[in-house]
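Asker: After the structure tokens below, expect a handful of questions from me.
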Amino acid sequence: MTINGTDLQIAFCGSAGDGTIAVGDILKQAMAMAGYRVIAFDQYPAEIRGFGKCVSRTRVTGEQVYSMKQQTDILVSLDDSHAIPHASEVRDFGAVIYDNAPMSLMMEGEHISGHLQPGQIPYALPIREISERATGSNRGRNMVALGFVAGLYGLQQDVFHTIIARKFKTKPAAVTKDNTAAFDAGFDLGAGEFLFDEVSIGAPPAKAKHEARMLSGNSAVVEGCLDAGIEAYFGYPITPATTIMERLVTEMPKRGKRALQTEDEISAIAATIGAGYAGVRSATATSGPGLALMAEMLGLSVMAEVPSVIFVSQRGGPSTGMPTKTEQSDLNLAVFGGSGDAQRIVLAPTNVEGCWRCAGKAFEMAERYQTPVIVLLDLYLSNRYETVIVSPDERFEASSSKAMVPAKSGEKYQRFAKTDDGISPRAIPGQAGGIHTVTGLEHNDLGRPSDQANIHMDMSEKRHNKLSKAVDHPGITITKRFGDEGDVEVGILAWGSTFGESLEAMMLARDEGIKCAAMKVVMMSPLPEQPISEFMDSANEVLLPELNYEGQFAGIVSGTLGRPVNRLNMVPGTPMRVDDILNEIRRLAGREAKDAA
Amino acid sequence: MTINGTDLQIAFCGSAGDGTIAVGDILKQAMAMAGYRVIAFDQYPAEIRGFGKCVSRTRVTGEQVYSMKQQTDILVSLDDSHAIPHASEVRDFGAVIYDNAPMSLMMEGEHISGHLQPGQIPYALPIREISERATGSNRGRNMVALGFVAGLYGLQQDVFHTIIARKFKTKPAAVTKDNTAAFDAGFDLGAGEFLFDEVSIGAPPAKAKHEARMLSGNSAVVEGCLDAGIEAYFGYPITPATTIMERLVTEMPKRGKRALQTEDEISAIAATIGAGYAGVRSATATSGPGLALMAEMLGLSVMAEVPSVIFVSQRGGPSTGMPTKTEQSDLNLAVFGGSGDAQRIVLAPTNVEGCWRCAGKAFEMAERYQTPVIVLLDLYLSNRYETVIVSPDERFEASSSKAMVPAKSGEKYQRFAKTDDGISPRAIPGQAGGIHTVTGLEHNDLGRPSDQANIHMDMSEKRHNKLSKAVDHPGITITKRFGDEGDVEVGILAWGSTFGESLEAMMLARDEGIKCAAMKVVMMSPLPEQPISEFMDSANEVLLPELNYEGQFAGIVSGTLGRPVNRLNMVPGTPMRVDDILNEIRRLAGREAKDAA
Amino acid sequence: MTAELKEPVYLEEKLKDIQDSGRLDFRSGSLPTWCPGCGYYSMTEGVTNSLNELGLKNENVVCVSGIGCASRFPFFVDVYGFHTLHGRTLPVATGIKTANDDLTVVVVGGDGDGFAIGGGHIPHAAKRNVDITYLLFDNGIYGLTKGQTSPTSSMGFKTSTTPYENREQPLKPLMMVLSYGASWVGQAYAGHQHHLAGMIKKAIAHRGFSYLHILSPCVTFDKTDMTYQNMNMAVRPLPEDHDSSDQMAAMIEAGKTDAPGLGVLFEEIRPTLSDNLDAIATSAGADIKAKTAQAAE
Amino acid sequence: MTAELKEPVYLEEKLKDIQDSGRLDFRSGSLPTWCPGCGYYSMTEGVTNSLNELGLKNENVVCVSGIGCASRFPFFVDVYGFHTLHGRTLPVATGIKTANDDLTVVVVGGDGDGFAIGGGHIPHAAKRNVDITYLLFDNGIYGLTKGQTSPTSSMGFKTSTTPYENREQPLKPLMMVLSYGASWVGQAYAGHQHHLAGMIKKAIAHRGFSYLHILSPCVTFDKTDMTYQNMNMAVRPLPEDHDSSDQMAAMIEAGKTDAPGLGVLFEEIRPTLSDNLDAIATSAGADIKAKTAQAAE
Ligand SMILES: Cc1ncc(C[n+]2csc(CCOP(=O)(O)OP(=O)(O)O)c2C)c(N)n1
Ligand SMILES: Cc1ncc(C[n+]2csc(CCOP(=O)(O)OP(=O)(O)O)c2C)c(N)n1
Ligand code: SF4
Ligand code: SF4
Ligand SMILES: [Mg+2]
Ligand SMILES: [Mg+2]
């Protein structure tokens, strides 16, 4: 993908104890403050004990991008044994920075220096020594390395100082001092080194109109919830969704709102629905196994037409699967999980800003269409950081609930009445003149149980028809086409986090002269049939890449539209490689596939 | 549908207290004993209290049929208020039998006599009076009416005597005597009446080689379980599956087997999987809401490759829905319900014999392919009775488990090894040399947790590939084509109980000169792609009728094959009307639709 | 089967017939569908009277039911209602109460709903001291599904799922709920309607989680064990000197399931879930009082 | 990200390094992955020794775990194992026992696994008297998911999900399990390893449902509440005259959570689930003895 101006991807590798994640964090905060767009994805060890490998990757660009790059520009090793497997990711003329006198004794072959490719530029530095000199301890190694990178590439030293001070402001002053000293020592060293790299750092783009926030997908969900006025949250911890709850239980009470850890996922969704029935915006968050447990309750939310919002961050499945790996294999469960004809709204954001927007819109939609709304993230999206810029004028509707029309005296409230716009009037406990009972049984317009054929047929139609309006919901783009206009050789249909890599691959394919377009689909259910159909009409071949084995979205697209797509499926537990998509595009366009870099 | 020889459908209508169901029961038993094929479907009141309407319908034929007829030949009213709505179902020259002096005072218009169509033949009898004369009480009204039908149509009086005696053998002798007397009084009256009806009763077909059993779908499941050697059953009551458990807890202990009511559906499936892991054939049964609760556990059965068998009898949904109405709307849940790529086997029998066979085969398949197998019935199939004739030579495999190959000493047992036939060797607790741990986490060939990309990719492939072998499983027909061979105007693709009505409609369409074929699909997952594709290739238009709103099987067929089908969906809570299917066939074949009878 | 397509007959219409006949006298617009003589009938009277006497407004009361013969209760009273899923009343009620403290929430359910499928939720509703009232109708059987064994079925009882006899020791709900730390625990009997009505009122009046165990014969599916006849003989008032602030004394009484003691076994006042959530908001810096004042405007 | 594609490093290989280093001494082929100092380590020693002393064959033992830091225990011992789902150990174990009485089934799990998500199953395993041993490691926190509040977290405890402090009253597992009618109930402490090992042995030896509550500090996520330091001060042996056949005496001891009494709180012998299922088969006319004899052939 051709990015105007700056485009630099930096990876720190080490153990948790090395401060790998911390230093990556400072880098992204600083670059965001400097005005760049940042996207970053850290990988943590799966084990409880912190002896596992950490990788912190940050991509700094001049304009908004949708994914990490496949190749690394700068690799920093804080522990060679963890960095070696990543050496091959560094591009030609990319920098590899490592300690020339590592922490522990190592055998021949255990040094990263022996694993570099010709063309990669090694910077073997006395990192530990510099740290000891600057701070009296080796604990500043990570900061020395970060300073070196900043100095070498000419990044803004002052914003780093600001961010370091901010990060350690609750710690004793000496901590800030030592970290700054280590950073500066590294910076001086880097500034004096020769930069072989062809890439230059452009000035940050013109200051955006609105403040950039540095958010992970999960924290964007939290911001979306708060911005939409969430009143009640119920959740049960599960990787990779737990951090949503952890932030909400911290933030909501500050605003006088209520968040509660429940005894399991069934109670979490049940309480969410209970609160929704009582008229407040409520939500829960989980991952695939928890969503499986919620399937019965989702049906109640559908049948009783009570709003609920469910955030689901997908991880490797089936079953307990791979809790700390990413995957897109809970789509079928999200769309079809429930007994009976239990259609619901499913949104899948493609980037961090989308997480914010989908979160807020989920509350609007749940309320307006009186239905469960599932927002489907995945571990990659939940945990990756991006700079998010949203206009403060963009607000979510404070209430989108259909107003109550009190029953005439002596009459019963028609909670499930058929109306012109297909949506029944709600009533909330506490409102006089609106008394009614909702139920999981089929029921008539009053909410009274009925198993008459015509009532069940009409009500089924009502429940489905109202959802079809959601594809026109204001303020959210549910499909969007990128790339070449008109007829193309290959059209890529992509969803969720994989859209980012798809877009990147599409751009590269266009650079190679392939006529190519990509469509992101954000609303997975009900499927926006018309724009997808039109997109498919315009493409010679349609490619649908997704991180699952069965081709779940491909099945839904073909199942709904009755037409075939080319599937690209894999389940590595990591984001899809741009090269894999690119090769598939080439193949479909009749070009020769190339070896992956 | 043209049936050679006998084809008579008799409906009794009344309240539960009228003995409606009892007399229907005697009729079907007697006709089965006489050597006819019988298919029968009773409808009970939904309320606990027995004041609701009962309808007992029985179709008696010379050869195997797959559904009830849409039209009734003989309607017997034991309570006019309940019978009136069914009067229109009676065909020309069909008989309507009712009491000329009913039990309670009635208004003008409340008598069924006022609701008959020209052409229907009324038999207004002094039913109560005859009962009182024959037995001294009005409690024999149902038997008088039954006797009248038998006499009028010349049915075998002696088999009725045998069945009546059998039915009341645990009661005081006077009960049999009175019931027989009432029956005989009715019989004599009927034999003396003039039969306007054009239909004659053929002699029963040549005695079948093997004994006919009169079974409901649920009791056929039970027989299938017992015949397959079920060792452990765990269940939680839910309509319409409860009778499976009620029969198994009665029958299994007689054979020294163990059946247990658990605290909920999650424990039922968990215990089923536990018992499966411990090496015995185990099962559970539920309906849609219970299956929704089992979704997480199904994933464990998939991932840990532990066999489990789940019978699901569908009812109206979503949510609690319509517990006493039939529907086919849990297919998506059965096929897709679970997190991750959790493919499993789903079988859907189309008639009562199929319930028996699918039940037995489910155990074979679960064991052979080390997977959950869901057998999907619906209320209509669960509760309807049919004569089932199976050769006693037809046996289920006693064990189809892949044998263990003990680990060499000092080595670990490779429970999840890749093998030539794609299926790993099992080992059962208690077996020396087979020690291993199974887990819901992704794992390597030893069963040790792993989240390496290549392991997850290989294991996902293994779990899916092994299932594709199930389409060739011996002893079960997973798809079958009926009707015209070669290219046809309309091909009907049908599943579950709706296949019966589809076949009936297909036959009628052929009678009208439409080239037409129908395919029943019994294996819903993995989908038998090749035969379905070929069938679709041979049809100008493909029609897929199913009792759900969303077109769930249509979505799966299109989703898998990437091609469209014509959907016919409705959710009346009752079986699909043959006429509705027939009209759709006509429309697709370019003929004019006709009004439903 | 066109018959299924005819217009629905609403229960209201049927009710008129029956009310005119003078056979029944209920306060809501709908006809209870329980079997004649069922213990559940005592509920309608008891709840409606209590709500009335406590001076509550109809629209400020929510009745939550699960699945079982109690399911339809919300339809028989003129308050807001939520007929939820089998076993899930308490978490739904917790959600309602979390959303709006001002509502009075009454939960009704059976022994299976509560102690089989819903058994995991009771400890947590009790521990959190959610300010709701839980009326549990224990008939020792599954009524709605027509007579299977329940967690409180007695040993030796024959049902459709224990045709050879139930050999499992029944659970003791009162001991369980006491062990969970419920802040109000009482026992009543559907055969003693007047006492029951009083207990329902006390249970609703209690601020916190109140659990009322109601022994309630299923006249249709239990002809041998928990019949009115047997229960009339077995029940007794709690001893006069029973100290309802003493958890262990309550536990001892709760253990006497052969001679169930009717009355308030235990009561204590401690912060409710809402109190705690407000306290948390206050520690987080929110001005809860201001919020309440605003709401009152 | 080709790195993810490299060959797996089996734990066994790592173990060898460590065993050679002499730092650890475990009986199985795999390396426990608990944090150094975690209470869970006491389990490996206690269980393997007990199985050995009870003369059981490895292949006749099944270890069942749910999800939590206990999950991986089955991988660390040389017996059959089933690592099930969060909260579902007991029903899976019930299935295993129903299928094959001859197996010794040991269930391990945490306080969240047992009393939050799995809380509905314990009453029923206890009531049925399934002949299994349930070792519950109570650390008052969710360890595996990195430090959230659990049903036994103490009041005032700050965790990632109660950042302002936990205000819910903790559950009292021992009282609960006693109220369920468990036939063997004991308490031990991971800091008293020798006593714990003896208790594990007794629990396994008991015929019926045995519940052993093990107080087990989480050294990583709890630095303030259930620490070794605090627990060392709090625990005490049960009084010498404690009568373990007296359920109410046990209940009183179980209530003293500030000073947890270590030892056997309660034990009784009554028919197990399998005994009952056999009795049912016998009433149904099956010849169970013949079946057993046949199996023995
Ligand atoms: C998930 C689920 N499982 C099972 C059922 C079927 N079901 C409905 S009510 C009931 C038991 C009712 O027993 P109880 O709670 O004791 O209430 P009762 O009718 O005896 O008052 C069952 C098993 C259901 N509706 N949903
Ligand atoms: C259905 C489901 N929900 C949530 C989780 C996430 N989860 C795994 S372990 C755990 C809690 C562990 O706490 P505890 O049982 O106390 O065990 P500990 O780790 O403290 O020993 C949770 C919430 C899960 N794996 N599955
Ligand atoms: S079945 Fe039993 S509990 Fe249910 S309404 Fe009838 S008598 Fe009452
Ligand atoms: S997180 Fe806590 S419970 Fe888990 S292994 Fe570490 S110390 Fe033990
Ligand atoms: Mg009950
Ligand atoms: Mg814990």
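Protein chains in written order, with the numbering used here: chain L, 12 to 608; chain C, 12 to 608; chain V, -3 to 293; chain P, -3 to 293.
All C-beta atoms in this analysis are idealised placements derived from N, C-alpha and C, irrespective of residue type, glycine included.
Quick check on THR297(C) - is its C-beta less than 8 Å from some C-beta in chain V?
Answerer: Taking Cβ atoms only, chain V never reaches closer than 8 Å to THR297(C), which makes this a no.
Asker: For GLN442(C), does the three-state DSSP call read helix, strand or coil?
Answerer: Note: GLN442(C) maps to coil in three-state DSSP.
Asker: From LEU20(P) to TYR37(P), what does the alpha carbon distance come to, in whole angstroms?
Answerer: Here the model assigns LEU20(P) a pLDDT of 35, short of 50, so the residue's position is not dependable, and the following value carries that caveat. Computed Cα separation, rounded: 11 Å.
Asker: Measure from the C-beta of ALA201(P) to each C-beta in chain C and report whether the shortest distance is under 8 Å.
Answerer: False, the Cβ-Cβ gap to chain C never drops below 8 Å.
Asker: Would you list the one or two residues that DSSP bridges to LEU457(C)?
Answerer: Answer is none; LEU457(C) lacks a bridge partner.
Asker: Determine the contact status of VAL346(C) and SER513(C), defining contact as a CB-CB distance below 8 Å.
Answerer: It is not a contact, given that the beta carbons lie outside the stated cut-off.
Asker: In the DSSP assignment, the alpha helix (DSSP H) including PHE194(L) goes from what residue to what residue?
Answerer: Element bounds for PHE194(L): 184 to 203.
Asker: Which residues in the same chain have their Cβ closer than 6 Å to the Cβ of VAL589(L), if we skip the five residues on either side of it in sequence?
Answerer: These residues qualify, in order along the chain: GLN81, GLU512, GLU515 and ALA516.
Asker: Within the same chain, show all residues whose beta-carbon is closer than 6 Å to that of PRO485(L), passing over the 5 residues directly before and after it, in chain order.
Answerer: Cβ within range, chain order: n/a, list empty.
Asker: Three-state secondary structure (DSSP) at MET225(L)?
Answerer: In the structure shown, MET225(L) sits in a strand (DSSP, three-state: E or B).
Asker: Please report the straight-line C-alpha distance between PRO133(L) and SER278(C), rounded to a whole angstrom.
Answerer: Taking the straight line joining both Cα atoms gives about 59 Å.
Asker: Which of the residues in the region 262 to 281 of chain C, read from start to end, lie with their CB under 9 Å from any CB of chain P?
Answerer: Residues passing the 9 Å Cβ filter: GLU262, MET263, PRO264, LYS265, ARG266, GLY267, LYS268, ARG269, ALA270, LEU271, THR273, GLU274, ASP275, ILE277, SER278, ALA279, ILE280 and ALA281.
Asker: At 7 Å on the CB atoms, spell out the chain C contacts of GLY187(P), in chain order.
Answerer: The premise fails here: GLY187(P) is roughly 28 Å from chain C at the closest Cβ pair, so nothing lies under 7 Å.
Asker: Alpha carbon to alpha carbon, how far is VAL449(C) from GLY204(P)?
Answerer: Roughly 25 Å separates the two Cα atoms.
Asker: Between PHE171(L) and VAL87(L), is the Cβ-Cβ spacing less than 8 Å?
Answerer: No, the Cβ-Cβ distance between PHE171(L) and VAL87(L) is not below 8 Å.
Asker: Name the chain C residues whose beta carbon is nearer than 7 Å to that of SER304(V)?
Answerer: Outside the displayed span of chain V (-3 to 293) sits residue 304(V), for which this structure offers no information.
Asker: Check whether chain P comes within 8 Å of LEU599(L), counting only Cβ atoms and requiring the distance to be less than that.
Answerer: Taking Cβ atoms only, chain P never reaches closer than 8 Å to LEU599(L), which makes this a no.
Asker: The beta strand (DSSP E) that contains ILE276(V), what's its start and end?
Answerer: Where ILE276(V) is concerned, there is no enclosing beta strand (DSSP E), although the alpha helix (DSSP H) it sits in stretches over 269 to 279.
Asker: Considering only the alpha carbon of each residue, which of ASN559(C), PHE322(C), GLY570(C) and GLY562(C) lies closest to GLU561(L)?
Answerer: When each option's Cα is compared against that of GLU561(L), the closest is GLY570(C).
Asker: Determine the chain L residues that contact PHE71(V) at a beta-carbon separation under 7 Å, and present them in chain order.
Answerer: Residues of chain L passing the Cβ test: THR448 and ARG459.
Asker: Please compile the residues from chain L whose C-beta is within a distance smaller than 8 Å of the C-beta of ASP341(C).
Answerer: Correct list: SER350 and GLY351.
Asker: Using a C-beta cutoff of 8 Å, does PRO248(L) count as contacting chain P?
Answerer: Answer yes: the Cβ-Cβ gap between PRO248(L) and chain P drops below 8 Å somewhere.
Asker: Rounded to whole angstroms, what is the Cα-Cα separation between ILE525(L) and GLU500(L)?
Answerer: Computed Cα separation, rounded: 7 Å.
Asker: Closest by CA to ASP237(V), which one among VAL173(V), ASN228(V), GLU249(V) and VAL231(V)?
Answerer: The candidate whose alpha carbon is nearest that of ASP237(V) is GLU249(V).
Asker: Select from the region 92 to 113 of chain V all residues with a C-beta closer than 7 Å to any C-beta belonging to chain L, and list them in chain order.
Answerer: Under the 7 Å Cβ criterion, the region 92 to 113 of chain V contributes ILE92, THR94, ALA95, ASN96, ASP98 and LEU99.
Asker: Rounded to whole angstroms, what's the CA-CA distance from ASN56(V) to ASN48(V)? Just pull it up for me.
Answerer: Rounded to whole angstroms, ASN56(V) to ASN48(V) spans 12 Å at the Cα level.
Asker: Among residues of its own chain, excluding the 5 on either side of ILE249(L), which ones have a beta-carbon nearer than 6 Å to its beta-carbon?
Answerer: Only THR297, SER298 and GLY301 meet the Cβ criterion.
Asker: Pull up the distance between the alpha-carbon of ASN190(C) and that of THR146(C), whole angstroms please.
Answerer: Approximately 8 Å, taken between the alpha carbons.
Asker: So with CB distances below 7 Å, who are the chain B contacts of ILE284(L)?
Answerer: Considering every chain present, this structure includes no chain B. Its protein chains are L, C, V and P.
Asker: Count the other C-beta atoms from every protein chain shown that fall within 10 angstroms of the C-beta of GLN183(P), then say buried if there are 16 or more, exposed otherwise.
Answerer: It counts as buried.
Asker: Using a beta-carbon distance below 8 Å, is SER412(C) in contact with chain P?
Answerer: Closer than 8 Å: no.
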